[in-house]
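Peer 1: Please find one structure pasted underneath; my questions will follow.
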Amino acid sequence: MRFIHLAPLVGVCTLALSGAVAAQEVLPTIPVVPLHPAQDEITFKVKTRGGFGIESSDGMAGFELEGRAAYDVDVFDGLYNLNGHGDSGSESELRRLRFGFSGWYTKNWNYSILIDIEDGDRAIDDSVTTIDTAMLQYTGFKYADLTIGRFKRPVSMEVLTSSNWLSFNEQSFIWELAPANDIAKFSLMASKLFEFGGSGLLYQFAVSDDYQEDLPAKSGSDSHAINARAVYTPWAEKGRVLHFGASYGDQNPGEAATTRVRSRLGVHGIDRFVLLDTIDIDSDRQYALEAALIQGPFSLQAEYVSRAIGGRSGDPDVDVDGWYLQGTWTLTGEPRGYKRKDGRFDRVDPKNKDYGAVELVARAQQGTVSPDGGTEVEASGYQFGVNWYPLRSIKLMLDYTTASVDNIDTQDAGDDGNAITSRIQWVF
């Protein structure tokens, strides 16, 4: 509808009444002025696959709410129940409860904040933080995306893969033996994926505070850890990925630092086993190799890590080595997801709305801790499991784990043990 101001309308009527013959004169066009200026619209969008998001009409800004909840029930015996003398025991826990949001502004700025309500593993100093991740990223440079804040350091594909989409309830225990996988209090990272033809090359380089799970003693002098990772993917498309990677980490522990090596051997609901008691150190470095293949509903992945700890004040040097080999098969045909930009695995997205997706998984793993002039400690184990994804946002897991150790004091619980671990998880 056109709106015409009253004064011009009166003028037009006067001209019309002055004479029918003279009315054949062409009248000037009168511009139409909107009563209200045009305004940008904000599109409110509720995601149909779980969650809520808001974005501008031009797509240049927006954010999404996100969260996760996971509840675990574990049943175990043998070395997994030291306090129960190896008898059958059980433990249940709210494994994770996190809420947050992520968003973007223009095509170059991204941000994410995730609040951790129920997970004591993300500790800073001697207190439990309420922030799991908080990061700001700028992607406008040609050769580097810059990320600043609190986030996972670039160590390996298993470490960087979200805990939501791991094939088992827990990462391989080899990453408990190498503390550079921990989220630092503060990090600055440069990274970039370069694609040429069908292949891609990713680099990641991060500088972080020297925090690790087994925190070195305070020395009064600041020090920073570095982590570098490179990933080459000859091809990476849905259902077809080949991945090779290598990484290096230097904890740079500084003066008066200490460390130790502990592991839960794949079962979170128990106390950690001490594979190396606390020693004074002046260096702590690690190297890792990784490889993965996705071919339709099948996937294989393997990683190897070697850690060199330099002893101080008469304490020995220590070598730590670990490896695992893992395979998955989605019976319903879906492939595992893969994020090439980060060099990590992603979710299995069920195609069938009636029964979802079903995945079988298996893993072998081994780790050794070898103090110079001391007794070598070894842990090894096997895991088998099944995962059911009835919906894209819901995952049910059931794992069987068996492990054995050498040269660890397990009292009267024995040197081997078994565990059945289960989880129900909701992600949005």
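Each residue of the sequence shown is one higher than the last, beginning at 23 in the numbering used here.
Idealized CB from N, CA, C, for every residue including glycine.
The structure presented is a predicted model; accordingly, all values stated were derived computationally and were not measured.
(1) Starting from the C-beta of Met-23, find all residues in its chain whose C-beta is less than 8 Å away, skip the five residues before and the five after it, and write them out in chain order.
(2) Compute the distance between the beta-carbons of His-290 and Asp-94, then report whether it is under 8 Å.
(3) In three-state terms, what does DSSP make of Tyr-377?
(4) Since Met-419 sits in a beta bridge, which residues does DSSP pair it with?
(5) What does a CB cutoff of less than 6 Å around Gln-323 pick up in its chain, not counting 5 residues either side in sequence?
(6) Judging by CA-CA distance, which residue of Asp-437, Phe-450, Arg-445 and Ser-444 is the nearest neighbour of Asp-99?
(7) Apart from the five residues on each side of it in sequence, which residues of its chain come closer than 8 Å, Cβ to Cβ, to Gln-433?
(8) Could you have a look at Met-179 and say whether DSSP puts it in helix, strand or coil?
(9) Cα separation between Ser-415 and Val-449?
(10) Take Glu-198 as the anchor and find which of Ala-83, Arg-286, Gly-333 and Thr-397 has the nearest alpha-carbon.
(11) Do the region 120-139 and the region 174-185 meet, that is, are 3 or more Cβ pairs less than 8 Å apart?
(12) Using DSSP with H/G/I as helix, E/B as strand and the rest coil, what is Asn-249?
(13) Using 10 angstroms around the beta-carbon of Asp-431, count the other beta-carbons present and answer buried if the total reaches 16, otherwise exposed.
(14) Beta-carbon within less than 7 Å of Tyr-165's beta-carbon, same chain only, minus the 5 sequence neighbours each way: which residues are those?
(15) Report the residue from Thr-280, Ala-384, Ala-279 and Asn-429 whose alpha carbon sits nearest the alpha carbon of Glu-398.
(16) Can you check whether the CB of Val-408 is closer than 8 Å to the CB of Glu-381?
(17) Let me confirm a value: Ile-139 is counted as buried when at least 16 other C-beta atoms fall within 10 Å, else exposed. Which label applies?
(18) Quick one: is Tyr-102 buried, meaning 16 or more other Cβ sit within 10 Å of its Cβ, or exposed?
(19) Under the three-state reduction of DSSP, which class applies to Ser-112: helix, strand or coil?
(20) By the 10 Å Cβ neighbour count, where 16 or more other Cβ atoms means buried, how is Asn-249 classified, buried or exposed?
(21) I'd like the list of long-range same chain contacts for Asp-302, defined as Cβ closer than 6 Å, with 5 residues on each side in sequence excluded.
(22) How would you write the range of the beta strand (DSSP E) that His-451 sits in, first residue to last?
(23) For Trp-351, which beta-bridge partners are listed by DSSP?
(24) By DSSP's criteria, Glu-312 is part of a beta bridge. Which residues make up the other side?
(25) I'd like the span of the beta strand (DSSP E) that includes Thr-397, first residue to last.
(26) When DSSP builds the beta bridges, which residues end up paired with Glu-86?
(27) Assuming Val-97 and Ala-441 are in contact, meaning their beta carbons sit under 8 Å apart, how far apart are those beta carbons, in whole angstroms?
(28) Might you give, ordered along the chain, the residues of its own chain that have their beta carbon closer than 8 Å to the beta carbon of Pro-372, omitting 5 neighbours on each side?
(29) Does Thr-51 pass the burial test, meaning 16 or more other C-beta atoms within 10 Å, or should it be called exposed?
(30) Under a three-way DSSP split, which group does Asn-440 fall into?
(31) Are the C-beta of Glu-115 and some C-beta of chain B separated by less than 8 Å?
(32) Comparing C-alpha positions only, which one of Ala-268, Ser-245 and Ser-178 sits nearest to Ser-305?
(33) Given that a residue counts as buried once 16 or more other Cβ atoms are within 10 Å of its Cβ, and exposed if not, what is Arg-262?
(34) Which residue comes first and which comes last in the beta strand (DSSP E) that contains Ser-185?
(35) With DSSP run on the structure shown, which of helix, strand or coil describes Phe-450?
Peer 2: For this structure:
(1) Model confidence at Met-23 stands at a pLDDT of 37, short of 50, so the residue's coordinates are unreliable and nothing is read from them.
(2) yes
(3) Three-state result, Tyr-377: coil.
(4) Asn-409 and Arg-445
(5) Ala-314 and Gln-348
(6) Asp-437
(7) Leu-104 and His-107
(8) helix
(9) 5 Å
(10) Nearest option by C-alpha distance: Arg-286.
(11) no
(12) strand
(13) Counting the other CB atoms within 10 Å of its CB gives Asp-431 a total below 16, which places it among the exposed residues.
(14) Lys-214
(15) Asn-429
(16) yes
(17) exposed
(18) buried
(19) strand
(20) With 16 or more Cβ atoms within 10 Å of its Cβ, Asn-249 is classed as buried.
(21) Thr-280, Arg-334, Ser-335 and Asp-337
(22) Past the boundaries of the shown model lies residue 451; the chain is included only from 23 to 450, so the question cannot be answered.
(23) The partner list for Trp-351 (beta bridge, DSSP) reads Phe-320 and Leu-382.
(24) Gly-267 and Glu-325
(25) Note, Thr-397: premise wrong, no beta strand (DSSP E); not H, not E.
(26) DSSP lists Gly-75 and Ser-124 as partners of Glu-86.
(27) 7 Å
(28) The beta carbon of Pro-372 sits closer than 8 Å to those of Thr-354, Glu-356, Gly-378, Ala-379, Tyr-411, Pro-412, Leu-413 and Arg-414, all from its chain and outside the five residues before and after it, given in chain order.
(29) Legend: pLDDT at Thr-51 = 46, less than 50; position of this residue unreliable, no value from coordinates given.
(30) strand
(31) Looking for chain B here will not work: only one protein chain is present.
(32) Ser-245
(33) Arg-262 is exposed by the Cβ-count criterion.
(34) Where Ser-185 is concerned, there is no enclosing beta strand (DSSP E), given that its DSSP letter is neither H nor E.
(35) In this structure, DSSP gives Phe-450 a state outside helix and strand, which the three-state scheme calls coil.
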